[in-house]
Structure formats: C-alpha cells, structure tokens
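See below for the structure under consideration.
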Amino acid sequence: MEKMFFIGPPIQHVATQGLHLSCRIGESTLDGRLKEISRSEFCMEVPSTRVKTCLLEMIHAPVLLEIEQVLLSGSILWYTIEGASYFIGIRVKKDHRAAWRKLLLDKSRWGFHASAGAASA
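Heads up, the sequence shown is in our numbering, so the first residue is 304 and it goes up one at a time.
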C-alpha cells in the first residue's frame with residue numbers, strides 16, 4: 304500500500320472498505336469508491352477507463368457528490384494515477400460539512416479499519 308502524507312494540522316484519516324459514491328464534475332459523472340476520509344476531505348478511487356476529462360484542468364473545480372443518497376458539494380484538491388486507477392482528493396464545501404459529519408457518525412456504514420494522526424499509511 305502506498306503511503307500518503309498530509310501537511311498541515313493533524314487530522315484523523317480513516318481508510319474505508321470502499322463505499323460507492325458518484326461525483327459530478329461539469330458535464331461528466333464519475334462513479335467510484337471512497338478510500339480515505341477525514342472531517343472535511345476524502346479520497347475516491349475511480350478506474351482510469353471512466354475518466355474522460357483532463358483532471359488537471361479541474362483542480363479547485365466545484366463538484367456535486369452523492370453518497371448514500373446524500374447530496375454534498377465540494378471541490379477537487381488533487382489527483383494521482385496509480386496503475387489502472389485515479390485517486391482524487393476532494394474537500395467538502397463548508398456549508399455541507401455538517402451533513403458530511405453526520406454521515407461519518409454513522410460508523411455502521413463505513414467499515415472503519417485504520418486511523419492515524421497527521422500521516423496515514
């Protein structure tokens with residue numbers, strides 16, 4: 304497993320078992336799996352065959368997210384390509400963070416299996 308390091312104040316990052324979500328970016332919709340989450344951000348994995356747009360041009364672009372029938376908005380922070388998958392970092396918009404945190408509180412959906420401080424492996 305690749306190591307991910309997060310710069311800034313310590314945040315709890317949690318790996319998940321791959322909850323499905325849908326992310327609308329402009330005219331495109333990406334279906335992927337949730338990989339890591341924090342209080343205001345998450346990483347999603349999308350097979351590279353599903354990405355038909357240049358993600359570099361979409362950095363900081365607004366996105367609409369659907370997770371467990373809850374709609375949230377946010378923006379793309381970063382992305383990377385590993386093998387046949389894109390990993391996309393998304394920050395949840397401030398006015399939707401209460402709904403995001405409510406989803407996080409229902410741990411029965413998430414299948415948590417790891418947590419860390421400022422860095423996670």
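All residues carry an ideal CB built from backbone N, CA and C; glycine is no exception.
Can you say whether Gly-392 is buried or exposed, counting buried as having 16 or more other CB atoms within 10 angstroms of its CB? With a 10 Å radius around the Cβ and a threshold of 16 neighbouring Cβ atoms, Gly-392 comes out buried.
I'd like the ranges of any beta strand (DSSP E) spanning at least 3 consecutive residues and lying wholly in the stretch 333-419. Positions of the beta strand (DSSP E) runs, each at least 3 residues long and wholly inside the stretch 333-419, are given as 344-350, 365-370, 373-385, 388-395 in order along the chain.
Buried versus exposed call for Val-349 [16 or more other C-beta atoms within 10 Å across all chains shown]: Answer is buried; the Cβ neighbour count reaches 16.
Using three-state DSSP, classify Leu-322 as helix, strand or coil. Coil at Leu-322, not helix or strand.
If you draw a straight line from the alpha carbon of Leu-407 to that of Cys-357, how long is it in whole angstroms? Roughly 30 Å separates the two Cα atoms.
Residue burial classification, Glu-339 (beta-carbon count within 10 angstroms, cutoff 16): By the Cβ neighbour-count rule, Glu-339 is buried, with 16 or more other Cβ atoms within 10 Å of its own.
How would you call Gly-329, buried or exposed, if buried means at least 16 neighbouring beta carbons within 10 angstroms? Under this definition Gly-329 is an exposed residue.
Could you pull out every residue in the same chain whose Cβ sits closer than 7 Å to the Cβ of Met-347, ignoring the five residues on either side in sequence? Only Leu-324, Cys-326, Gly-335, Arg-336, Leu-337, Lys-338, Ile-391, Ile-393 meet the Cβ criterion.
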